[in-house]
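In this note's numbering, the protein residues as written are 124 to 249.
As structure tokens, the structure follows; a few thoughts come after it.
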């Protein structure tokens with residue numbers, strides 16, 4: 124049974140294994156995206172991050188879903204979170220969620236409040 128939604132907000136998530144198609148005869152787009160992927164460890168994908176009483180979920184928006192391929196949806200059980208921190212970003216801060224299997228990064232306005240809500244929900248679920 125899915126958990127009750129606690130917070131849902133517009134966000135960008137750093138996705139390691141997504142790819143965006145090059146457009147027609149514009150191979151430069153592919154090389155620029157390749158440089159971003161190499162420098163950042165993936166591509167930022169726009170969408171919505173949702174905190175429930177049991178998970179942190181990310182789902183891309185319709186535009187990103189239509190132009191990108193790969194594993195776009197993320198669901199992290201609160202019980203699997205081993206570390207949670209906020210790091211500075213360019214315009215917004217980044218919430219870094221670490222599990223035994225992965226590191227998930229999501230940037231959004233109010234990142235510190237969102238991280239505090241995740242921590243609170245994680246403690247309540249324990």
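We treat Cβ as the ideally placed atom computed from N, Cα and C, and that holds for glycine.
Following the DSSP letters along the chain, one finds residue 234 inside the alpha helix (DSSP H) bounded by residues 234-248.
Annotation: the region 191-218 contains the following complete segments of the beta strand (DSSP E) (minimum length 3 residues), in chain order: 197-200 and 206-210. Secondary-structure assignment with DSSP links residue 175 through a beta bridge to 128. Annotation: residue 188 to residue 131 spans about 18 angstroms, alpha carbon to alpha carbon. In the DSSP secondary-structure assignment, residue 134 is bridged to 170. Residue nearest to residue 206 within the set 212, 196, 137 and 226 is 226 (criterion: CA-CA distance).
Residue 225 carries a coil assignment under DSSP once its states are collapsed to helix, strand and coil.
Restricting attention to 167, 135, 245 and 133, the CA atom closest to the CA of residue 203 is found in 245.
When beta bridges are read from the DSSP output, residue 230 appears opposite 135 and 217.
In the DSSP assignment, residue 182 forms a beta bridge with 171.
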